[in-house]
Amino acid sequence: MFNKNEIPSTNVLVRVVLYFAVVVALGMSFSFTFELLNTAFEVGVLGTLLNVCAVLLFVRYVAAKHFTN
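Residue numbers for the sequence shown follow my numbering, so the first one is 17 and each next one is one higher.
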């Protein structure tokens with residue numbers, strides 16, 4: 017019925033399962049992280065500090081990438 021080459025090997029199936037497991041785990045992790053960030057932003061001061069730190073880190077990253085040899 018099937019040619020041997022048409023059936024995905026066990027190695028490919030294991031990779032697909034691991035890929036979806038990683039995607040689900042990352043999704044759960046990001047969801048939890050964003051819930052924590054939402055709580056921090058509701059506090060106000062902590063949210064402002066996080067925003068300032070994020071902007072400073074981003075500016076430093078861009079400067080390091082574009083203005084160094």
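Every residue gets a Cβ at the ideal spot worked out from N, C-alpha and C, and that includes glycine.
Determine the direct distance from the alpha carbon of residue j to that of residue i, and round the result to whole angstroms.
i: Leu65; j: Leu29; result: 45 angstroms
i: Glu51; j: Arg31; result: 30 angstroms
i: Asn67; j: Phe36; result: 32 angstroms
i: Thr55; j: Phe46; result: 14 angstroms
i: Leu34; j: Leu42; result: 12 angstroms
i: Leu73; j: Asn27; result: 40 angstroms
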